[in-house]
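Undergrad:
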Amino acid sequence: MIFRQLFDGLSGTYTYILGNQGTGEALIIDPVLEKAERYIQLLDELGLKLVKALDTHLHADHITALGVLRDRLGCVTVMGRQSAVDMVSMRLDDGEAIEFGDIPLRAIHTPGHTDCSYCFLMADRVFTGDTLLIRGTGRTDFQNGDAIAGYHSIFGKLLTLPGGTLVYPGHDYKGDTVSTIAEEKAHNPRLQVSNAGEYAAIMDNLHLPDPKMMDVAVATNLIIGASVSDPLVEKNALCVAEARRCMEKDEAVFIDLREASEQRKAGVIPGSIHAPYAELSGHIQPGGMLRALAAGAKTMILYCAYGERSALALRALKDAGMENVRHLRGGFDAWSRDGGPTAGR
Ligand SMILES: [Fe+2]
């Protein structure tokens, strides 16, 4: 595994790049907008293709690079189920594994700093975002923060990990880079409490000023937006009712771009063909499955979880010369909410 810890001095943010040397795929955790060019250059130098960009939570102190990395590199954006961010492509639940080559990365929902905070556990290390910092913990006094919930996330989840688990936080302002669960348990001053009430008493009396960038960062991070300001994508988007009419007339073949884990969790549109977004380039090439389907009489309707991956894929298919293709606006989420038929995988 390739592992890089990168630092943004302005916000004190750590960003992590994990690269799978076997597959050449990479994911990035908590990227900062101003550093996007640096990440892109480094990924290129390391010969890695970015497949996923994750934010541990909605950040108040810097603007995320999720949207830019998605638009530039076509990666899938990932956050927790509870995130209020508009166009995140994949939403995780507590305990869910992120598919990333053969290295499992497990999502742990750790509300407290924010209600949408997640940590990511990977083998010997855990990426703790702002839930657990080195000799500190993330503040719980804004963004639906909750000190009691934070106590249970830290004590009930993180501190139950093996003591040697490496702790890689989302920030550090003192120059520390890594710690361990055992070290934090023993020496983190905020964790020397015997119950949730004692912890909340500490957290509720920090009297910290708001982060300098809070107003602009939270507002901007909530709307990373779809890359479907692209008129071509807009013109070829179908609403659920339109897609259902195509289905009823047997005029369409539905292409599911989600990963198998998302299908198992949420279900599928009956009869759809599975072509995970990560494998798209192979399916588009001459001899590829989607190219063969595009030559048929039926309209291809691409869908994913929320309509982000399908918008990116639509552009790629159109660029490859495929005409009879549309994408489902709002994805499977909109389909199932509007009463579209679904089936188990
Ligand atoms: Fe934060």
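Reminder that position 180 of the sequence shown reads as 782 in our numbering, one-by-one numbering, no gaps. By construction, the Cβ of each residue, glycine as well, lies at the ideal position given by its N, Cα and C atoms. Given the structure is predicted, the values throughout are model-derived calculations rather than measurements.
1. With a threshold of 8 Å, are at least 3 pairs of Cβ atoms found where one atom belongs to the segment 717 to 734 and the other to the segment 768 to 787?
2. Any chance you could list the beta strand (DSSP E) runs of at least 3 consecutive residues sitting entirely within the segment 653 to 715, in chain order?
3. Using C-beta distances below 8 Å, list every residue in its chain close to Y618, excluding the 5 sequence neighbours before and after it, in chain order.
4. Between A662 and ligand 1, is there a pair consisting of the residue's CB and a ligand heavy atom that are separated by less than 7 Å?
5. For C848, collect the residues of the same chain with a Cβ closer than 7 Å to its Cβ; drop the 5 residues on either side in sequence, then sort them by chain order.
6. Helix, strand or coil for H754 per DSSP?
7. Would you call the CB atoms of L895 and G909 closer than 8 Å?
8. Can you tell me which of the three DSSP states R917 falls into?
9. Helix, strand or coil for Q607, going by three-state DSSP, please let me know.
10. Cβ of H715 within 7 Å of any heavy atom in ligand 1?
11. Can you look up I886 in the DSSP assignment and give me helix, strand or coil?
12. Can you name the start and end residues of the alpha helix (DSSP H) that Y641 belongs to?
13. Mind checking whether the beta-carbon of G740 lies closer than 7 Å to any heavy atom of ligand 1?
14. Can you round the beta-carbon distance between R947 and V678 to whole angstroms, since I take them to be within the 8 Å contact cut?
15. List the whole-angstrom C-beta distance separating G626 from L650, where the pair is believed to meet the contact cut-off of C-beta under 8 Å.
16. For Y908, name the three-state secondary structure that DSSP assigns.
17. First and last residue of the alpha helix (DSSP H) that includes E836?
18. In whole angstroms, what is the alpha-carbon distance linking E844 and A709?
19. Using DSSP bridges, identify the partner residues of H773.
20. Have a look at E800, L859, L668, L761 and flag the residue whose alpha-carbon is nearest the alpha-carbon of I886.
21. To test your reading of the DSSP string, which unbroken alpha helix (DSSP H) runs of 4 or more residues are found completely within the segment 782 to 849?
22. Drop a sphere of 10 angstroms on the beta-carbon of H659, count the other beta-carbons inside from all chains shown, and report buried for 16 or more, exposed for fewer.
23. When the Cα of L668 is compared with those of T822, R928, M924, M724, which residue comes out closest?
24. Is the separation between the beta-carbon of N807 and that of G738 shorter than 8 Å?
25. In three-state terms, what does DSSP make of K651?
26. Got a sec: does ligand 1 put a non-hydrogen atom nearer than 7 Å to the Cβ of D817?
27. Looking only at its own chain, which residues have a Cβ that is under 8 Å from the Cβ of G866, when we skip the five neighbours before and after it?
28. How is the beta strand (DSSP E) around L760 delimited, first residue to last?
29. Less than 8 Å between the CB atoms is what I'm expecting for M689 and I705, so what's the real figure, rounded?
30. Check for me: the beta strand (DSSP E) holding F744 runs from which residue to which?
31. Less than 8 Å between the C-beta atoms of Y616 and H773, yes or no?
32. Among the candidates K654, D646, A798, K920, whose CA atom is the shortest distance from the CA of D832?
33. Please classify N838 as buried or exposed, where buried requires at least 16 neighbouring CB atoms within 10 angstroms.
34. Below 8 Å CB to CB, which residues in the same chain sit around D748 once its five sequence neighbours on both sides are set aside?
35. Can you give me the Cβ contacts of E698 inside the same chain, cut-off strictly under 6 Å, excluding the 5 residues immediately before and after it?
36. State yes or no: is the C-beta of V842 within less than 8 Å of the C-beta of G942?
TA: Walking through what the data contain:
1. Segments in contact, yes.
2. Fully enclosed beta strand (DSSP E) runs of 3 or longer: 678 to 682, 692 to 694, 707 to 711.
3. If you number the sequence shown from 1, residue 618 lands on position 16. The residues are F605, R606, Q607, L608, I630, I631, D632, F729, Y770.
4. As a position in the sequence shown, residue 662 is number 60, starting the count at 1. Yes, ligand 1 has a heavy atom inside 7 Å of this Cβ.
5. Within the sequence shown, the letter at position 246 stands for residue 848. A854, T901, I903.
6. For the purposes of this step, residue 754 is taken as the residue at position 152 of the sequence shown. Note: H754 maps to helix in three-state DSSP.
7. By 1-based counting over the sequence shown, the position of residue 895 is 293. By 1-based counting over the sequence shown, the position of residue 909 is 307. Against a cut-off of 8 Å, the Cβ pair of G909 and L895 comes out as no contact.
8. Numbered from 1 along the sequence shown, position 315 holds the residue referred to as residue 917. The answer is helix: DSSP assigns R917 an H, G or I state.
9. In the sequence shown, residue 607 corresponds to position 5, counting from 1. Looking at Q607 - three-state DSSP - the assignment turns out to be strand.
10. Here residue 715 corresponds to residue number 113 of the sequence shown, with the count starting at 1. With a cutoff of 7 Å, H715 counts as near ligand 1, since its C-beta is closer than that to a heavy atom of the ligand.
11. By 1-based counting over the sequence shown, the position of residue 886 is 284. Here I886 sits in helix by DSSP.
12. Within the sequence shown, numbered from 1, the residue matching residue 641 stands at position 39. Residues 638 to 647.
13. Residue 740 sits at position 138 when you count from the first residue of the sequence shown. At a cut-off of 7 Å, the beta-carbon of G740 counts as near ligand 1: some heavy atom of the ligand is closer than that.
14. Residue numbering aside, residue 947 sits at position 345 when the sequence shown is read from its first letter. Residue numbering aside, residue 678 sits at position 76 when the sequence shown is read from its first letter. Not a contact, Cβ separation roughly 19 Å.
15. Position 24 of the sequence shown, counted from the start, is the residue given in the question as residue 626. Position 48 of the sequence shown, counted from the start, is the residue given in the question as residue 650. A Cβ-Cβ separation of about 6 Å places G626 in contact with L650 under the 8 Å criterion.
16. Reading the sequence shown from its first residue, position 306 is the one you call residue 908. Three-state DSSP puts Y908 in coil, outside helix and strand.
17. For the purposes of this step, residue 836 is taken as the residue at position 234 of the sequence shown. Residues 833 to 837.
18. Within the sequence shown, numbered from 1, the residue matching residue 844 stands at position 242. Within the sequence shown, numbered from 1, the residue matching residue 709 stands at position 107. Going by C-alpha positions, E844 is about 35 Å away from A709.
19. By one-based count along the sequence shown, residue 773 stands at place 171. Per DSSP, T615.
20. Along the sequence shown, one-based indexing puts residue 886 at 284. For the options E800, L859, L668, L761, the alpha carbon positioned closest to that of I886 is the one of L859.
21. If we require 4 residues or more, the alpha helix (DSSP H) runs fully inside the segment 782 to 849 come out as 783 to 789, 798 to 805, 816 to 824, 833 to 837.
22. Sequence index remark: in the sequence shown, residue 659 carries index 57 (1-based). With 16 or more Cβ atoms within 10 Å of its Cβ, H659 is classed as buried.
23. Working through the sequence shown from its first residue, we reach residue 668 at position 66. L668 has its Cα closest to that of T822, out of T822, R928, M924, M724.
24. Indexing the sequence shown from 1 puts residue 807 at position 205. Indexing the sequence shown from 1 puts residue 738 at position 136. Going by C-beta atoms, N807 is not nearer than 8 Å to G738.
25. Along the sequence shown, one-based indexing puts residue 651 at 49. In this structure, K651 counts as strand in the three-state DSSP scheme.
26. The count along the sequence shown starts at 1 and reaches residue 817 at position 215. No, ligand 1 has no heavy atom inside 7 Å of this Cβ.
27. Numbered from 1 along the sequence shown, position 264 holds the residue referred to as residue 866. According to the sequence provided, residue 866 is Arg. The question's Gly does not apply to it. Contacts found: R947.
28. On the sequence shown, residue 760 is found 158 positions in, with the first residue counted as 1. Boundaries cannot be given for L760, as no beta strand (DSSP E) includes it and DSSP labels it neither H nor E.
29. Taking the first residue of the sequence shown as 1, we reach residue 689 at position 87. Taking the first residue of the sequence shown as 1, we reach residue 705 at position 103. Contact between M689 and I705 is absent: CB atoms are separated by about 27 Å, not below the 8 Å threshold.
30. The residue you call residue 744 lines up with position 142 of the sequence shown. Secondary structure note for F744: it is in no beta strand (DSSP E), with a DSSP letter that is neither H nor E.
31. Taking the sequence shown and counting its residues from 1, the one referred to as residue 616 is at position 14. Taking the sequence shown and counting its residues from 1, the one referred to as residue 773 is at position 171. The answer is yes: Cβ separation under 8 Å.
32. Translated into the one-based positions of the sequence shown, residue 832 becomes position 230. The residue among K654, D646, A798, K920 with its C-alpha nearest the C-alpha of D832 is K920.
33. As a first step, residue 838 is located in the sequence shown; it is residue number 236 there, counting from the start. Classification for N838: buried.
34. Counting from 1 along the sequence shown, the entry for residue 748 is found at position 146. So the qualifying residues of the chain are P713, G714, D717, T742.
35. Counting from one through the sequence shown, the residue named residue 698 turns up at place 96. Exclusion of the five residues before and after E698 leaves A709 as the residues of its chain whose Cβ lies within less than 6 Å of its Cβ.
36. Here the question's residue 842 lines up with position 240 in the sequence shown. Here the question's residue 942 lines up with position 340 in the sequence shown. Cβ atoms of V842 and G942: closer than 8 Å.
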